[in-house]
Amino acid sequence: MTTEKGSISIHTENIFPIIKKFLYSDNEIFLRELVSNAVDAVQKIKRLGALGQYNGEVGEPLVEVSLDAAAKTITISDNGLGMTAEEIKKYINQVAFSGASEFVEKFKDAKDANEIIGKFGLGFYSAFMVADLVEIQTLSYQDVAEPAKWTCDGSTSFEISEGSRTTRGTSIILHVNAESEEFLSEQKLQEILDKYAKFLPVPIKFGTKTEQEEDGVDEEGKAKYTSVEVDNIVNTTNPIWTKAPADLSDEDYLDFYKQLYPFSEDPLFWIHLNVDYPFNLTGVLYFPKVKDDFDMQRNKIKLFSRQVFITDEVKDIVPEFLMLLHGVIDSPDIPLNVSRSFLQADSNVKKINSYITKKVADKLAELFNKDRTAYEEKWSNIGLFVKYGMISEEKFYDKGKDFALLTNTKGENFTFEEYKEKVAPAQTDKNGNVVYLYTTDPDKQDGFIQSAEKKGYDVLVMSSP
C-alpha cells in the first residue's frame with residue numbers, strides 16, 4: 000500500500016477548536032466513546048459469524064485498554080470488524096469532516112457539548128480532547144484485506160499508509176497532550192472505566208491484577224495460596240437488568256444493590272423494568288430506606304444506553320417524586336450523547352416517564368394486597384414517595400388512593416375509604432360532610448387529642464414532611 004496524504008478544505012480548520020472548547024469540562028468521555036465504539040465492532044463481528052457471513056474464527060470477544068505512561072500513550076484495542084483503507088476514508092474522514100462548514104456555523108456559539116457530539120457523530124474525535132496525535136492501526140475481517148494505518152494531528156490533514164496490525168480488529172493509539180497528562184495514570188483510567196464501562200456487554204481488560212490462588216496444603220493440612228497475575232477485567236458483561244426476573248433470586252437483586260451502593264442499607268423492595276414496545280426499556284429500581292437528608296439520596300439512578308453509562312441526572316426521565324429511588328434504567332432509544340433539550344422534547348422519554356410511574360404504582364398495589372401487614376411496616380419509609388406522588392401526578396393519585404395509608408393517634412392504619420367509613424358515623428356535620436380531625440404534634444397537643452377522643456372522635460397524625 001502506498002502512503003496517501005490528504006487535506007481537507009480550509010473551511011474545516013475550526014472544527015477541532017470548537018470541539019475542544021465545548022468538551023473541555025467533559026474530556027474524560029473520550030474513553031467512553033472509544034471503548035463503546037470498540038465494543039460495537041466486537042459485537043458486529045459476532046453477529047456476522049452467527050449469520051454465517053464471516054467464516055473465520057471469531058475468538059473470545061475482548062476490548063483492551065492499555066497505558067504506557069513513559070511513552071505518553073493510551074491504546075484502545077479490539078478484535079472486532081477492523082477496517083480497510085477505503086472504510087477509513089469513508090467512516091473516519093468523511094463522517095467527521097462532511098458538513099464541516101455547517102458544523103462550524105451552527106455550533107460556534109453552542110453551549111451543549113453533548114449536542115455537538117450527538118448531532119455530527121463526532122464521538123471518535125473526542126480523542127483529540129486529550130491527544131495531539133491519534134493513530135489507527137486496523138485489519139479488516141474481509142478476505143485478502145491489508146492492514147491500514149491512519150494518523151491525524153487534529154488539523155485538517157491526515158495520512159493513510161500500510162499498517163502493522165497482524166490480527167483482525169482495530170487499535171487506536173492516543174498520544175496524550177501536555178494539558179491532559181492527568182490521564183496518564185492507572186488510577187484515573189480505572190476510575191473512568193468504572194464509571195462508564197462497568198456493565199458493557201464485552202469484557203474490557205485494563206492491565207492485570209494480583210489474586211491469591213489455592214496451591215495445595217501445608218504440613219498442618221491448611222490451604223496454601225500463591226500470588227498469580229490475572230487479567231484485570233473491569234466490567235460485568237451480564238448485569239441483572241439484562242436478565243429475566245424469573246431467572247433471578249432476591250439475593251441476586253440485593254447483591255447488585257450492594258455492588259452499586261456498597262455503604263447503603265438493604266432496600267425495602269425493588270421493581271424490575273422490562274418493556275420493548277412502544278419503546279425499549281430495562282432496569283431495576285430500588286426503594287431505599289428514606290433518610291432525613293433527602294439531597295444526599297438524590298441522583299442515585301443511573302441512566303445507561305446499551306449498557307453504557309450516560310448520566311445520573313435523570314429528572315427528565317424519572318418523575319420528580321421518585322428521584323429518591325436508587326437503581327439503573329437502560330434504553331437504546333436514548334442516544335449515548337444525549338442533550339438536556341433532547342430529553343425534554345423526546346416523545347419516548349415522556350412515555351418512559353409515564354411507564355415508570357405506572358410500574359411503581361402497580362408494585363405498591365401488589366405489595367399492599369399481597370401482605371398488608373408487611374406493607375404497613377414499610378409505610379414510614381414509603382409514605383413520603385406515595386404522598387408526594389399523589390399530589391404531583393394525577394394518574395398516580397388515581398391508583399395511590401387505594402394503597403395510601405392514614406395513621407391515627409392509636410397507631411392504626413387505614414386507607415382513605417376505610418377511614419371515611421370508620422369516622423363518618425360520629426364525625427358528620429349537619430350538612431352531611433365528614434369532618435376529619437388531625438394533629439401535627441401529638442405530644443404538644445395531647446390534651447386536645449384526649450378531649451376529642453372522650454367525645455368519640457378519632458384523630459389523625461399528620462406529621463410527615
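Numbered according to numbering that gives the first Met the number 0, the sequence shown spans residues 0 to 464. We treat Cβ as the ideally placed atom computed from N, Cα and C, and that holds for glycine.
Worksheet item: With which residues is Pro161 paired in a DSSP beta bridge?
Response: The residue you call residue 161 lines up with position 162 of the sequence shown. It is worth fixing the name first, because residue 161 is Glu in this sequence and not Pro. For Glu161, which the question treats as bridged, DSSP gives the partners Ala147.
Worksheet item: Quick one, which of Gly206, Ser179, Glu180 has its alpha-carbon nearest Leu192's?
Response: Here residue 192 corresponds to residue number 193 of the sequence shown, with the count starting at 1. If we check each option's Cα against that of Leu192, Gly206 comes out closest.
Worksheet item: What are the residues that DSSP puts in a beta bridge with Ser170?
Response: The count along the sequence shown starts at 1 and reaches residue 170 at position 171. Answer is Ser76, Gln136.
Worksheet item: Taking the DSSP output, what are the residues bridged to Tyr483?
Response: Because the chain is modelled from 0 through 464, residue 483 falls outside the range shown and cannot be assessed.
Discussion item. Quick check: what's the CA-CA separation for Gly282 versus Asn273?
Written reply: In the sequence shown, residue 282 corresponds to position 283, counting from 1. In the sequence shown, residue 273 corresponds to position 274, counting from 1. So the two alpha carbons sit approximately 7 Å from each other.
Worksheet item: Can you name the residues that DSSP bridges to Val460?
Response: Translated into the one-based positions of the sequence shown, residue 460 becomes position 461. Val460 pairs with Thr438.
Worksheet item: Distance, Cα to Cα, Gly120 vs Val62?
Response: In the sequence shown, counting from the first residue as 1, residue 120 sits at position 121. In the sequence shown, counting from the first residue as 1, residue 62 sits at position 63. Any reading at Gly120 needs caution, since the residue's pLDDT is 47, under 50, leaving its predicted position unreliable; the model's value is listed next. C-alpha separation (whole angstroms): 21 Å.
Worksheet item: Can the beta-carbon of Asp77 be found less than 7 Å from the beta-carbon of Gly168?
Response: For the purposes of this step, residue 77 is taken as the residue at position 78 of the sequence shown. For the purposes of this step, residue 168 is taken as the residue at position 169 of the sequence shown. Yes, they are a contact pair.
Worksheet item: Of all the options Gln136, Asn176, Pro277, Asp251, which has the alpha carbon lying nearest to the alpha carbon of Ser330?
Response: Position 331 of the sequence shown, counting from 1, holds the residue named residue 330. Considering only alpha carbons, the answer is Pro277.
Item to complete: Report all residues from its chain with a CB closer than 7 Å to the CB of Lys118; omit the five preceding and five following residues, and keep chain order.
Response: On the sequence shown, position 119 is the one that residue 118 refers to. Because Lys118 sits at a pLDDT of 42, beneath the cut-off of 50, its placement in the model cannot be relied upon, and the following sentence gives the value as read from the coordinates. Once the five neighbours on either side are set aside, Lys118 has no close Cβ partner at all.
Worksheet item: Which residue comes first and which comes last in the beta strand (DSSP E) that contains Glu212?
Response: As a position in the sequence shown, residue 212 is number 213, starting the count at 1. First-last of the beta strand (DSSP E) with Glu212: 203–216.
Item to complete: Would you kindly work out how many angstroms separate the C-alpha atoms of Leu321 and Phe413, rounded to a whole number?
Response: The count along the sequence shown starts at 1 and reaches residue 321 at position 322. The count along the sequence shown starts at 1 and reaches residue 413 at position 414. Answer to the nearest angstrom: the Cα atoms are 23 Å apart.
Practice prompt. Give a yes or no on contact between the stretch 26–40 and the stretch 71–91, applying the rule of three or more CB pairs nearer than 8 Å.
Written response: yes
Worksheet item: Of all the options Ile159, Arg164, Glu181, Glu158, which has the alpha carbon lying nearest to the alpha carbon of Val129?
Response: Counting from 1 along the sequence shown, the entry for residue 129 is found at position 130. Checking every option, the nearest Cα to that of Val129 belongs to Glu181.
Discussion item. Can you check which of these residues, Leu138, Phe415, Thr150, Glu416, is closest to Ala126 by C-alpha distance?
Written reply: Residue 126 sits at position 127 when you count from the first residue of the sequence shown. Ala126 has its Cα closest to that of Thr150, out of Leu138, Phe415, Thr150, Glu416.
Fill in: Where Met295 falls, given that 16 or more other Cβ within 10 Å makes a residue buried
Numbered from 1 along the sequence shown, position 296 holds the residue referred to as residue 295. Confidence is the limiting factor: at Met295 the pLDDT is only 48, short of 50, which leaves the residue's position unreliable, though a coordinate-based value still follows. By the neighbour-count rule (16 or more Cβ atoms within 10 Å), Met295 is not buried but exposed.
Worksheet item: Can you give the Cα-Cα distance for Ala243 and Glu185, rounded to whole angstroms?
Response: Taking the first residue of the sequence shown as 1, we reach residue 243 at position 244. Taking the first residue of the sequence shown as 1, we reach residue 185 at position 186. About 36 Å.
Item to complete: Keeping to the same chain, check which residues put their C-beta closer than 7 Å to that of Gly58; ignore five residues upstream and five downstream.
Response: If you number the sequence shown from 1, residue 58 lands on position 59. These residues qualify, in order along the chain: Asn78.
Practice prompt. Please report the Cβ distance between Pro202 and Ile232, rounded to the nearest whole angstrom; I am assuming they are in contact, meaning their Cβ atoms lie under 8 Å.
Written response: Against the sequence shown, residue 202 aligns to sequence position 203. Against the sequence shown, residue 232 aligns to sequence position 233. About 5 Å separates the two Cβ atoms, so the contact holds.
Worksheet item: Would DSSP call Asp193 helix, strand or coil?
Response: Here residue 193 corresponds to residue number 194 of the sequence shown, with the count starting at 1. Note: Asp193 maps to helix in three-state DSSP.
Worksheet item: Closest to Phe268 by CA distance: which of Ala425, Ala373, Asp332 is it?
Response: To locate residue 268, count along the sequence shown from 1; it is residue 269. Ranking the options by Cα distance to Phe268, first place goes to Ala373.
Item to complete: Could you check which residue in Lys400, Arg371, Thr209 has the C-alpha nearest to that of Ala360?
Response: Taking the sequence shown and counting its residues from 1, the one referred to as residue 360 is at position 361. Closest option to Ala360, Cα to Cα, is Lys400.
Item to complete: Could you tell me if the beta carbon of Gly79 falls within a distance shorter than 6 Å of some heavy atom in the ligand MG?
Response: In the structure on display, the ligand MG does not appear, and there are no ligands present to speak of.
Fill in: First through last residue of the beta strand (DSSP E) which encompasses Leu302
Your numbering for residue 302 matches position 303 in the sequence shown. Segment 300–304, the beta strand (DSSP E) holding Leu302.
Worksheet entry | Cut-off 6 Å between Cβ atoms - residues of its own chain near Pro266, not counting five sequence neighbours on either side | Within the sequence shown, numbered from 1, the residue matching residue 266 stands at position 267. Within the same chain, Pro266 has close Cβ partners Tyr256, Tyr285, Phe286, Pro287.
Fill in: Exposure label - Ile390; buried when at least 16 CB within 10 Å
On the sequence shown, position 391 is the one that residue 390 refers to. By the 10 Å Cβ count, Ile390 comes out exposed.
Worksheet item: Going straight from the alpha carbon of Asn92 to that of Gly153, what length do you get?
Response: Taking the first residue of the sequence shown as position 1, residue 92 is located at position 93. Taking the first residue of the sequence shown as position 1, residue 153 is located at position 154. Approximately 12 Å, taken between the alpha carbons.
Discussion item. Using DSSP's beta-bridge definition, name the partner residues of Phe308.
Written reply: Sequence index remark: in the sequence shown, residue 308 carries index 309 (1-based). Answer is Phe303, bridged to Phe308.
Worksheet entry | Of the listed residues Val307, Val289, Glu86, nearest to Lys377 (C-alpha basis) | Mapped onto the sequence shown, residue 377 falls at position 378. With distances taken between Cα atoms, Lys377 lies closest to Val289.
Fill in: Between the CA atoms of Glu212 and Arg305 - distance to the nearest angstrom
Here residue 305 refers to the residue found at position 306 when the sequence shown is read from its first residue. Here residue 212 refers to the residue found at position 213 when the sequence shown is read from its first residue. Distance between the alpha carbons of Arg305 and Glu212 is about 34 Å.
Practice prompt. Provide the residue span of the beta strand (DSSP E) that contains Asn231, from first to last.
Written response: Indexing the sequence shown from 1 puts residue 231 at position 232. Run containing Asn231: 222–232, per the beta strand (DSSP E) assignment.
Practice prompt. Assess, as a yes-or-no matter, whether the stretch 352–369 is touched by the stretch 308–325 under the definition of 3 or more beta carbon pairs within less than 8 Å.
Written response: yes
Worksheet item: According to the Cβ coordinates, are Ile351 and Leu302 closer than 7 Å?
Response: By one-based count along the sequence shown, residue 351 stands at place 352. By one-based count along the sequence shown, residue 302 stands at place 303. No; because the gap between Cβ atoms is not below 7 Å, this pair is not in contact.
Practice prompt. Give the secondary structure of Ala451 by DSSP, where H, G and I count as helix, E and B as strand, and everything else as coil.
Written response: Taking the sequence shown and counting its residues from 1, one reaches residue 451 at position 452. Helix at Ala451.
Worksheet item: Are the beta-carbon atoms of Lys419 and Val433 separated by less than 7 Å?
Response: Working through the sequence shown from its first residue, we reach residue 419 at position 420. Working through the sequence shown from its first residue, we reach residue 433 at position 434. Yes, they are a contact pair.
Fill in: DSSP beta-bridge partners of Leu66
What you label residue 66 is simply residue 67 of the sequence shown in a count that begins at 1. Bridge partners of Leu66: Ile73.
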